[in-house]
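There are 4 protein chains.
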Amino acid sequence: MSSTTGEKLELILDAAYDLFGSNGFYETKISDIAHQAGIAKGTVYLYFKSKEELFMAVTRRDCEHFLGGLDTNLQNCSTMAERLLVIAKHHSMYYFERKHRTKLFFRTPNNDPELMDYMKQFMLRYMQAVEKVLTEGGVSQPVWCAESYIGMLDRIRMDILFNPEFPIEQLHERTDFVARLFLEGCNHSGDHQDQIDRDNSQEGESQ
Amino acid sequence: MSSTTGEKLELILDAAYDLFGSNGFYETKISDIAHQAGIAKGTVYLYFKSKEELFMAVTRRDCEHFLGGLDTNLQNCSTMAERLLVIAKHHSMYYFERKHRTKLFFRTPNNDPELMDYMKQFMLRYMQAVEKVLTEGGVSQPVWCAESYIGMLDRIRMDILFNPEFPIEQLHERTDFVARLFLEGCNHSGDHQDQIDRDNSQEGESQ
Amino acid sequence: MSSTTGEKLELILDAAYDLFGSNGFYETKISDIAHQAGIAKGTVYLYFKSKEELFMAVTRRDCEHFLGGLDTNLQNCSTMAERLLVIAKHHSMYYFERKHRTKLFFRTPNNDPELMDYMKQFMLRYMQAVEKVLTEGGVSQPVWCAESYIGMLDRIRMDILFNPEFPIEQLHERTDFVARLFLEGCNHSGDHQDQIDRDNSQEGESQ
Amino acid sequence: MSSTTGEKLELILDAAYDLFGSNGFYETKISDIAHQAGIAKGTVYLYFKSKEELFMAVTRRDCEHFLGGLDTNLQNCSTMAERLLVIAKHHSMYYFERKHRTKLFFRTPNNDPELMDYMKQFMLRYMQAVEKVLTEGGVSQPVWCAESYIGMLDRIRMDILFNPEFPIEQLHERTDFVARLFLEGCNHSGDHQDQIDRDNSQEGESQ
DNA sequence: AATGAATGAGTTTTCATTCAT
DNA sequence: GATGAATGAAAACTCATTCAT
Chain A
1 MSSTTGEKLE LILDAAYDLF GSNGFYETKI SDIAHQAGIA KGTVYLYFKS KEELFMAVTR
61 RDCEHFLGGL DTNLQNCSTM AERLLVIAKH HSMYYFERKH RTKLFFRTPN NDPELMDYMK
121 QFMLRYMQAV EKVLTEGGVS QPVWCAESYI GMLDRIRMDI LFNPEFPIEQ LHERTDFVAR
181 LFLEGCNHSG DHQDQIDRDN SQEGESQ
Chain B
208 MSSTTGEKLE LILDAAYDLF GSNGFYETKI SDIAHQAGIA KGTVYLYFKS KEELFMAVTR
268 RDCEHFLGGL DTNLQNCSTM AERLLVIAKH HSMYYFERKH RTKLFFRTPN NDPELMDYMK
328 QFMLRYMQAV EKVLTEGGVS QPVWCAESYI GMLDRIRMDI LFNPEFPIEQ LHERTDFVAR
388 LFLEGCNHSG DHQDQIDRDN SQEGESQ
Chain C
415 MSSTTGEKLE LILDAAYDLF GSNGFYETKI SDIAHQAGIA KGTVYLYFKS KEELFMAVTR
475 RDCEHFLGGL DTNLQNCSTM AERLLVIAKH HSMYYFERKH RTKLFFRTPN NDPELMDYMK
535 QFMLRYMQAV EKVLTEGGVS QPVWCAESYI GMLDRIRMDI LFNPEFPIEQ LHERTDFVAR
595 LFLEGCNHSG DHQDQIDRDN SQEGESQ
Chain D
622 MSSTTGEKLE LILDAAYDLF GSNGFYETKI SDIAHQAGIA KGTVYLYFKS KEELFMAVTR
682 RDCEHFLGGL DTNLQNCSTM AERLLVIAKH HSMYYFERKH RTKLFFRTPN NDPELMDYMK
742 QFMLRYMQAV EKVLTEGGVS QPVWCAESYI GMLDRIRMDI LFNPEFPIEQ LHERTDFVAR
802 LFLEGCNHSG DHQDQIDRDN SQEGESQ
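The listed protein sequences derive, respectively, from chains A, B, C and D.
End of the first sequence sits at 207 in the numbering used here; the numbers just go up one at a time, nothing left out.
End of the second sequence sits at 414 in the numbering used here; the numbers just go up one at a time, nothing left out.
End of the third sequence sits at 621 in the numbering used here; the numbers just go up one at a time, nothing left out.
End of the fourth sequence sits at 828 in the numbering used here; the numbers just go up one at a time, nothing left out.
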């Protein structure tokens, strides 16, 4: 059964990702993970010192995967608009494809400083990747813009989380929409003249 | 000992809000809540059938409070821009003031369908409140705009959560910024030199 | 079932004394103790924070009982010779009556500093009680004499421990013998023919 | 790596003696022993069927070493008084030199009949060695005398165990004292002024 | 209504032992 | 013979919940 070095490690990480992601940290038993990985309970502890450490490893792998994929995707495009769209697609697709693993983020072990720290770093690195795109595009206040853009995208994730039937077609439209909204603001995000009209009158009102 | 009807109920809800919010659902013991409320453990079960139900009640009270406050705040303003700013202020201040209670959202009991359902409804109601403002302001695609706006605001909450030292002054600027970004898009949101300055100092932090 | 305050505490201590004493610390399960006490496992933890703490309490009760009984017995006699005999009787009878509980001393939890400390204090207090008798009797070097006397007596305990069939009649003779040996030394302790006879028969057993 | 037959056996026994002796049976892991012996865990099981058997072998080697050394030491002296002193020196020095290995005796595996039996035999053989000296010296009731003498000596071991700072100088005096006490009894053992002085200083310590 | 002692199901983790290489 | 990865039985301890008072 164990032909390759590290095979068991992968089996455990995969099983843990699946179960932590589906049921959350507290509702997942080590024995479940071992069972799903097809190994014995004790074997898990040959690779991870504790349940927390295993969760940490799963989280790390997932986050690194996310950021790595983002980098790759960003390499194939040049304009800022393209890049922002790539970011949006990556974000929404990544979590859409993993819509059944969303508990990884929302049901984490409590008060683990190492995990908190890693999550903070992850958020920072993601933000900085977006910030870089914006800075190169000449956008001012790129940090807050980046944060906001990510927030808009993450709301898609929330919608997916709370609506598992979220249709894939809508995902694409929503993604495009968010990218445009970010660039142009809500006053310009409607293609029709009447909207522009309303918008103009709105501009007048608000001053 | 019990002078007013429902007094104990409030004591329990307050203690539970405090402890669930600080430590999360799984790390909070009923006995801790009872102790903090100054009552006996068994008494909690006179008011709530289970730990989950108590968590549900705490969540419900918190969410209703949030939405009620939003309604109140929206009543005092008329233009869409004003209203959007009010929404942003409400969102950011609400969670800033409760920055030590953030586990209420991130460490919730697992797989409780009733809770999931309530959260879904809450998100919907919040979104509809924002949507109404946008619709009345003539914004097209108000649903997605509302979702996106909330997402931008919620990112502020995330930043507060992961950075408990988040300064209140920055909170106001960030709030204003988000409202403007939403209206005008990133291409128009950085026209003023002072904003550029702030952004630059922020850039420094992020490296 | 629970009529008196502290009843359960006694039940637990009695059961723990019995089982720790018979099987040693490591071979005794908390569930066994609870079962023998007729209570639930969790109840043990209402009274004792850990298995070690329970063991400590059992040891303490036993040692205090031993020293208390010694004090009581010493009150009824005046000469040093009488007192030394009382000490010997007390020591040998105490452990003879508890011959099935001897693991309490030999199979203790490892590396518990509090327990080590208490045992040290117990040995000191016992020695000092004997020392006092010797000092009042005008014996020189009472500390080392006391230690040695206790050592001689404790050897009886060892013999009982390794020979559960140890006959009670021999216990009395052995006790008398030790007291005399301590006073007079081995050169003077075999003056009577009947003692020689007994000793010869003992020699036969030991081959 | 294995140049001599039985080399590994010795490595294991040495490591096991060290660790069992320092930490006791239950607190010592086979993997620790293997690690300290510089071999693999599985290798231990090529030499010993179980942890208990290994402990048994360690105990046996230690006890045989003790008895063998005693025999050797006894060969160089002729009078009973000399021999008793040799016994006392051997006993006290043996355990003084091994003061950090005392758990070998106090934290033994529970309820192992073979071990119990061996210990019983060991005690008997030791007693008989002492008994022989006494019988040849014309002492009456040599069995009980031997037991008592050993008890006095073993108390020294206990004092060492509970007081790791036990000074070597005191050990020699105490040993001489015990031999004299055994021969002459407490009434005759304090004739010399310098001994009284020492004893007084000892009294001070015990308060 | 209020209490808090009692319960016991449930889970992490350890470690002696095995066995394929 | 030697290895060490894998196993899984076993036990301490927790804590939501109950119920007699």
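All C-beta atoms in this analysis are idealised placements derived from N, C-alpha and C, irrespective of residue type, glycine included.
When you compare the CB positions of residue 177 of chain A and residue 348 of chain B, do they come within less than 8 angstroms of one another, or not? yes
Assess, as a yes-or-no matter, whether the stretch 64-78 of chain A is touched by the stretch 87-100 of chain A under the definition of 3 or more beta carbon pairs within less than 8 angstroms. yes
Residues near residue 782 of chain D by beta carbon distance below 6 angstroms, same chain, minus five either side: 723
Helix, strand or coil at residue 666 of chain D [DSSP, three-state]: helix
Inter-stretch contact (C-beta, 8 angstroms, three-pair minimum) for the stretch 462-472 of chain C and the stretch 429-440 of chain C: yes
Less than 8 angstroms between the CB atoms is what I'm expecting for residue 355 of chain B and residue 152 of chain A, so what's the real figure, rounded? 4 angstroms
What number of angstroms, rounded off, separates the C-alpha of residue 684 of chain D from the C-alpha of residue 743 of chain D? 7 angstroms
Other residues of its chain near residue 687 of chain D: CB distance less than 7 angstroms, five sequence neighbours each side excluded: 715
Under the three-state DSSP convention, the category residue 11 of chain A falls into: helix
The alpha helix (DSSP H) with residue 703 of chain D in it runs from where to where? 701-718
Selection from D/642, D/803, D/740 that minimises the alpha carbon distance to residue 719 of chain D: D/642
Proximal chain B residues relative to residue 177 of chain A, where beta-carbon distance stays under 7 angstroms: 348, 351
Could you pull the start and end residues of the alpha helix (DSSP H) that residue 465 of chain C belongs to? 465-488
In chain order, what residues of the same chain lie with their CB nearer than 8 angstroms to the CB of residue 788 of chain D, ignoring the 5 residues before and after it? none
Residue 312 of chain B versus B/326, B/303, B/321, residue with shortest Cα-Cα distance: B/326
With the cut-off set at 8 angstroms, would you say residue 288 of chain B and residue 390 of chain B are in Cβ contact? yes
So that I know if they touch, is there some Cβ in chain A lying closer than 8 angstroms to that of residue 361 of chain B? yes
Please report the residue range of the alpha helix (DSSP H) in which residue 798 of chain D lies. 789-805
Starting from the Cα of residue 251 of chain B, find the closest Cα among B/231, B/362, B/241, B/245 and give me that residue. B/241
Close beta carbons around residue 404 of chain B, own chain, < 6 angstroms, minus the five adjacent residues each side: Low confidence applies here, because residue 404 of chain B scores a pLDDT of 45, under 50, leaving its location unreliable; read the following figure in that light. No residues qualify anywhere along the chain.
If you compare alpha carbons, which of D/673, D/808, D/648, D/669 is closest to residue 736 of chain D? D/673
Considering Cα atoms alone, identify which of D/753, D/704, D/792, D/629 is closest to residue 663 of chain D. D/629
Ordered along the chain, which non-local residues of its own chain (more than five positions away) have a Cβ less than 7 angstroms from that of residue 157 of chain A? 95
For the alpha helix (DSSP H) that residue 652 of chain D lies in, which residues bound it at each end? 651-658
Suppose contacts are defined by Cβ-Cβ distances below 8 angstroms. Is residue 564 of chain C in contact with residue 776 of chain D by that definition? yes
For a cutoff of 8 angstroms on Cβ pairs, would you count residue 120 of chain A as touching chain B? yes
C-alpha distance - residue 631 of chain D paired with residue 808 of chain D, whole-angstrom precision: 49 angstroms
Compare the beta carbon distance of residue 734 of chain D and residue 646 of chain D with 8 angstroms and say whether it is the shorter of the two. no
Same chain only: Cβ atoms within 6 angstroms of residue 585 of chain C, ignoring 5 sequence neighbours per side: 506, 510
Below-8 angstroms beta-carbon distance, residue 780 of chain D vs any chain C residue: yes
Shorter than 8 angstroms from the beta carbon of residue 600 of chain C to some beta carbon of chain D? yes
Name the two residues that bound the continuous alpha helix (DSSP H) containing residue 338 of chain B. 320-343
Nearest-angstrom Cα distance between residue 6 of chain A and residue 46 of chain A? 12 angstroms
Quick check on the DSSP output: the alpha helix (DSSP H) that includes residue 149 of chain A runs from which residue to which? 142-162
So what does DSSP say about residue 637 of chain D, is it helix, strand or coil? helix
Quick one: what does DSSP say residue 230 of chain B is sitting in, helix, strand or coil? helix
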